[in-house]
Structures are given as structure tokens and as C-alpha cells.
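Residue numbers for the sequence shown follow my numbering, beginning at 92 and rising by one.
Notes follow once the structure below has been shown.
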Amino acid sequence: MRRDIATEDDIKLLVDTFYDHVNQDEILSPVFNGFANVNWPQHLPVMYKFWSTVLFGSMAYKGQPFPKHMRLPVDRKHFARWESLFTQTVNELFEGPKAAEAKQKAASIARIFQMKLGLFSTLEQ
Numbered sequence: 092m093r094r095d096i097a098t099e100d101d102i103k104l105l106v107d108t109f110y111d112h113v114n115q116d117e118i119l120s121p122v123f124n125g126f127a128n129v130n131w132p133q134h135l136p137v138m139y140k141f142w143s144t145v146l147f148g149s150m151a152y153k154g155q156p157f158p159k160h161m162r163l164p165v166d167r168k169h170f171a172r173w174e175s176l177f178t179q180t181v182n183e184l185f186e187g188p189k190a191a192e193a194k195q196k197a198a199s200i201a202r203i204f205q206m207k208l209g210l211f212s213t214l215e216q
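And the structure:
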């Protein structure tokens, strides 16, 4: 039985494993490593803080995530793949209420970003 997400080390494991998957993915890797040219040593600690804030209420993350994503050449398939990889990663590593919350929050974030980018209306399910 896998354990639940409970510590900052768990967040780090989740984020590192997820972005390992992203970097190997034929749909997402070109966006992150090509167009966005992500500086991983700088980006990963920001993502640790982001998910710590989302899941633990740590308030470690002080940024605004959406503006950085506005210029990216992404569509619905990118968000679907991002959410799928995130869910897959959580399921590989963890189970429990906090793991379920992480998957729900990721789905919500993907949906909000897509709405803000005009990829679908608020009326779509």
C-alpha cells in the first residue's frame, strides 16, 4: 500500500517525478524544453513551493502562475496530457485523501487555465 502525501519531501518527490515524465513526453517536452526553454534548477523549487501552498497551505508560493503560461503554444491536448501525467504520477507514488486532493486540484488548475486561455467556455463540462 502506498502512503499519502504528508511532507515537503513528498511534494519534492511528486514534483520531480512528474517533471521527469514531462521531460520524456512527446507532447509536453517540446513546450517546456523548446518554446519555454525552462530552467529546471530554477523552476523545480518554485513548483515545490507552489504545490506546498496548494496542498498544505504553507503560503510558500508568492507568485501568479497564470501570466507565465499565457504566451505558450498550448491547446486542450496539452492540458489533457498534463493532467493525465500528473494523475499518473500521483497514482504511482501515493494514495489517500491528500493524494486525491492533489489530483482534484490539478484538474481544477488545468480547467481554470483553459478557461482563461479561451480554450473552452465555463458552460462546457
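Yeah, the Cβ is synthetic: ideal placement off N, Cα and C, and Gly gets one too.
This structure is a prediction, so every number in the text was calculated from the model and none was measured.
At 4 residues or longer, and completely inside the segment 109-189: list those alpha helix (DSSP H) runs for me, N to C.
-> Within the segment 109-189, the complete alpha helix (DSSP H) runs of at least 4 residues fall at 131-147, 156-160 and 167-184.
Are the beta-carbon atoms of His112 and Thr180 separated by less than 8 Å?
-> Yes, Cβ-Cβ distance for His112 and Thr180 is below 8 Å.
With a Cβ-Cβ cutoff of 8 Å, do Val165 and Lys196 count as a contact?
-> No, Cβ-Cβ distance for Val165 and Lys196 is not below 8 Å.
Alpha carbon of Asp100 to alpha carbon of Leu119, nearest angstrom = Computed Cα separation, rounded: 25 Å.
With 16 other CB atoms within 10 Å as the buried threshold, where does Lys140 fall?
-> Lys140 comes out buried.
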